[in-house]
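Peer 1:
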Amino acid sequence: MDVLAASPRSEIEACAEVLGPLPQAQPVRGPETGLVMLRGRIGGDGGPFNLGEAVVTRATVRLACGSVGHAYALGQDKAKARLSALLAALWSEGGRRAEGEEAIVAPLARARAEENARVAREAAATRVDFFTMVRGDD
Numbered sequence: 320m321d322v323l324a325a326s327p328r329s330e331i332e333a334c335a336e337v338l339g340p341l342p343q344a345q346p347v348r349g350p351e352t353g354l355v356m357l358r359g360r361i362g363g364d365g366g367p368f369n370l371g372e373a374v375v376t377r378a379t380v381r382l383a384c385g386s387v388g389h390a391y392a393l394g395q396d397k398a399k400a401r402l403s404a405l406l407a408a409l410w411s412e413g414g415r416r417a418e419g420e421e422a423i424v425a426p427l428a429r430a431r432a433e434e435n436a437r438v439a440r441e442a443a444a445t446r447v448d449f450f451t452m453v454r455g456d457d
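Converting from the sequence shown to the working numbering requires adding 319 to each position, the first position being numbered 1.
1. Span of the beta strand (DSSP E) holding Glu372?
2. Note down the Cα distance separating Lys399 from Arg328, rounded to an integer number of angstroms.
3. From what residue to what residue does the beta strand (DSSP E) around Leu357 run?
4. Could you tell me the distance, in whole angstroms, from the CA atom of Arg377 to the CA atom of Val387?
5. Evaluate Ala452 with the Cβ neighbour count: other Cβ atoms within 10 Å of its Cβ, from every protein chain shown; 16 or more gives buried, anything less gives exposed.
6. Please state whether the Cβ-Cβ distance between Val424 and Val322 is less than 8 Å.
7. For Leu393, which beta-bridge partners are listed by DSSP?
8. If I measure Cβ to Cβ from Ala404 and keep anything under 7 Å in the same chain, skipping five residues before and after, which residues do I get?
9. According to DSSP, simplified to helix, strand and coil, what is Gly363?
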């Protein structure tokens with residue numbers, strides 16, 4: 320469900336409309352906003368260090384059928400966290416998993432892949448190749 324965390328709320332809402340009216344969900348926790356510490360490693364294998372803090376919003380909801388959904392979203396968008404938790408609860412419900420993957424997860428994953436490819440193309444366009452010219456007096 321990381322694709323929900325990486326997608327903007329507007330895209331999630333557009334994909335969720337395909338499912339029709341969403342069921343009522345009872346809030347179990349939140350949505351609530353807090354800070355998390357971001358950790359880093361130099362070179363990927365060096366000693367860990369505290370890079371900084373990030374704002375995260377989390378939500379947990381329960382459907383009438385008993386399915387529970389949890390979601391975390393970077394930033395302060397409480398509506399996105401609640402909607403993501405609701406969709407996670409629907410996804411964990413046995414009969415609606417395939418429908419949720421087809422209507423929500425697949426389109427959002429394609430959109431994220433297209434965005435990543437666009438960013439990679441933009442970065443590649445600014446790439447500079449350095450080379451060393453060998454002098455003939457060695």
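Here a beta-carbon is modelled for each residue, glycine too, at the ideal position from N, C-alpha and C.
These numbers were taken from a predicted model, which means no experiment stands behind them.
Peer 2: In brief:
1. Pro367 to Leu382
2. 5 Å
3. Ala344 to Arg360
4. When rounded, the distance between both Cα atoms is 14 Å.
5. The residue you asked about is not Ala; residue 452 is Met in the sequence shown. Met452 is exposed by the Cβ-count criterion.
6. yes
7. Val375
8. Ala378, Thr379, Val380, Gly388, His389 and Ala390
9. If DSSP states are grouped into helix, strand and coil, Gly363 belongs with the helices.
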